[in-house]
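Asker:
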Amino acid sequence: MFSMGGSAFAYDNPELLPKEQTPIIDLAKTLSEKQRLELENSLNSYEQETGWKIRVLSQYEKTPGLAVKDYWNLDETSLLIIADPRGGNLLSFNVGDAYFALMPRIFWVELQTRFGNQFYVRDNGEDGAILASIQAVETCLDRGGCEVVPGLPQEQWQWTLLTSLLGGIIAGFAASPRKENESFSIGWLLLLSPLWIMLFGIFGIAPVVTRTNDILPLMRNILGFIGSAIGAYLIAERKFKDPDSNKQS
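In full-length UniProt numbering, the protein residues as written are 1 to 249.
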């Protein structure tokens, strides 16, 4: 079992375990009673339907530690989500080996940094971070695996839009004419293609299509690239045709 972001197994305090079997041990009282009951039913049903075992442990000053291994019979099909606000990141994971055939280690790093960071927890609560991480894992299990965490956060989409716009500006300036009777500079466009293709394709489009099926952010980035490219082309073309336009008499 792979442990990321710390371990829940530093101690062995079986007296903290509930007498009845439950997929959730909420020592930090992170979830409301309604949330806990709904999540308990959901995790039990998911395990019965798919065989994947997802367990949640929230802790603060006390932890059952090593005792949860035997209590939950954690194995290669088990995922233990640990919520502990004392660290720099709320979430950490103990991941069974079977999960890595569907989701690589970089997936778990992104899952932790996206939902466990202090800004996400501040805006969505500790309960929201736990529930969102579980939903992401179950989505990927149902899909048959994921290379990246599904979903496109607003700040990430804004970054992809920015790189798309920058790629368009570079492509537009590159394509602007530089010779008499030239309307399009294919040579410069190709010369700078590694730069604008990287900005638009790798940083502007790829993160969107790998994380969401929503067409709206994709179309916004494409239109942003086209619009900025046309604008940059027209500005550069005007300066070429009238090189003295900015000179002061």
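Ideal Cβ positions, reconstructed from N, Cα and C, are used throughout, including at glycine. These figures come from a predicted structure and were not determined experimentally.
When the distance is taken between beta carbons, is Thr160 closer than 8 Å to Asn221?
Answerer: Start at 1 with the first residue of the sequence shown, and residue 221 comes out as number 221. Start at 1 with the first residue of the sequence shown, and residue 160 comes out as number 160. Yes, Cβ-Cβ distance for Asn221 and Thr160 is below 8 Å.
Asker: So, are the CB atoms of Leu234 and Leu199 less than 8 Å apart?
Answerer: Your numbering for residue 234 matches position 234 in the sequence shown. Your numbering for residue 199 matches position 199 in the sequence shown. No. Outside cutoff.
Asker: Kindly indicate which three-state DSSP category Asp26 falls into: helix, strand or coil?
Answerer: Against the sequence shown, residue 26 aligns to sequence position 26. In the structure shown, Asp26 sits in a strand (DSSP, three-state: E or B).
Asker: Tell me, which residues are paired with Arg55 by DSSP?
Answerer: Taking the sequence shown and counting its residues from 1, the one referred to as residue 55 is at position 55. Arg55 is bridged to Leu80.
Asker: CB of Val109 to nearest heavy atom of the ligand GTP: below 7 Å?
Answerer: Ligands displayed in this structure: none; no statement on the ligand GTP is therefore possible.
Asker: State the DSSP-derived secondary structure class of Phe240, mapped to helix, strand or coil.
Answerer: Here residue 240 refers to the residue found at position 240 when the sequence shown is read from its first residue. Three-state DSSP puts Phe240 in a helix.
Asker: Per DSSP, what kind of secondary structure is Gly224 in: helix, strand or coil?
Answerer: Locating residue 224 in the sequence shown gives position 224, counting from the first residue. Three-state DSSP puts Gly224 in a helix.
Asker: Between Ala171 and chain B, is any beta-carbon pair separated by less than 8 Å?
Answerer: Any reference to chain B falls outside this structure, which holds one protein chain only.
Asker: Inspect the CB distances between the stretch 117 to 124 and the stretch 28 to 45 and report whether three or more fall short of 8 Å.
Answerer: Output reads no: the stretch 28 to 45 does not touch the stretch 117 to 124.
Asker: Answer with buried or exposed for Leu189, where buried requires no fewer than 16 other C-beta atoms within 10 angstroms of its C-beta.
Answerer: As a working note, residue 189 is residue 189 in the sequence shown. Burial call: buried.
Asker: So which of Gly144, Gly116, Arg143, Asp142 has the shortest CA-CA distance to Leu131?
Answerer: Residue 131 sits at position 131 when you count from the first residue of the sequence shown. When only C-alpha atoms are compared, the closest one is Gly116.
Asker: Going by DSSP in three states, residue 259 sits in which element: helix, strand or coil?
Answerer: Residue 259 lies beyond the stretch modelled for the chain, which goes from 1 to 249, so this question has no answer here.
Asker: So, for Met103: in the same chain, excluding its five sequence neighbours on each side, which residues have a beta-carbon less than 7 Å away from its beta-carbon?
Answerer: Here residue 103 refers to the residue found at position 103 when the sequence shown is read from its first residue. Excluding residues within five positions, the ones whose Cβ falls inside 7 Å are Cys140, Gly145, Cys146.
Asker: With a threshold of 8 Å, are at least 3 pairs of Cβ atoms found where one atom belongs to the stretch 75 to 89 and the other to the stretch 41 to 58?
Answerer: Flag = yes, the stretch 75 to 89 and the stretch 41 to 58 touch.
Asker: Please state if the CB of Leu74 and the CB of Ala129 are separated by a distance shorter than 8 Å.
Answerer: For the purposes of this step, residue 129 is taken as the residue at position 129 of the sequence shown. For the purposes of this step, residue 74 is taken as the residue at position 74 of the sequence shown. The answer is no: Cβ separation not under 8 Å.
Asker: For Gln248, which three-state DSSP category applies?
Answerer: By one-based count along the sequence shown, residue 248 stands at place 248. Note that Gln248 scores 48 on pLDDT, short of 50, meaning its location in the model is unreliable and no value can be drawn from it.
Asker: Is Met103 helix, strand or coil by DSSP?
Answerer: The residue given as residue 103 occupies position 103 in the sequence shown. Reduced to three states, the DSSP call for Met103 is coil.
Asker: Report yes or no: do the stretch 176 to 189 and the stretch 200 to 209 share at least 3 C-beta pairs separated by less than 8 Å?
Answerer: no
Asker: In angstroms with no decimal places, state the Cα-to-Cα distance between Pro177 and Ala171.
Answerer: Along the sequence shown, read from residue 1 onward, the residue named residue 177 stands at position 177. Along the sequence shown, read from residue 1 onward, the residue named residue 171 stands at position 171. Each residue's Cα considered, the two are about 12 Å apart.
Asker: Any idea if Lys19 is buried or exposed, counting beta-carbon neighbours within 10 angstroms, 16 or more meaning buried?
Answerer: Counting from 1 along the sequence shown, the entry for residue 19 is found at position 19. It is exposed - the Cβ of Lys19 has fewer than 16 other Cβ atoms within 10 Å.
Asker: Please list, in chain order, all residues of the same chain as Ala28 whose beta carbon is under 6 Å from its beta carbon, the five residues on each side excluded.
Answerer: Along the sequence shown, one-based indexing puts residue 28 at 28. Excluding positions up to five away in sequence, the list reads Ser58, Gln59, Tyr60.
Asker: Classify Ser164 as buried or exposed, calling it buried when 16 or more other Cβ atoms lie within 10 Å of its own Cβ.
Answerer: For the purposes of this step, residue 164 is taken as residue 164 along the sequence shown, with counting starting at 1. Ser164 should be labelled buried.
Asker: Out of Glu38, Gly88, Arg114, Asn13, which has the shortest C-alpha to C-alpha gap to Asp70?
Answerer: Taking the sequence shown and counting its residues from 1, the one referred to as residue 70 is at position 70. Looking at Glu38, Gly88, Arg114, Asn13, the one whose alpha-carbon comes closest to that of Asp70 is Asn13.
Asker: If we count the other Cβ atoms within 10 Å of its Cβ and call it buried at 16 or more, is Arg86 buried or exposed?
Answerer: Translated into the one-based positions of the sequence shown, residue 86 becomes position 86. Classification for Arg86: exposed.
Asker: Sort Leu216, Gly65, Tyr46, Gln112 by Cα distance to Thr77 and report the nearest one.
Answerer: Within the sequence shown, residue 77 is the residue found at index 77, counting from 1. Minimum Cα distance to Thr77 is reached at Tyr46.
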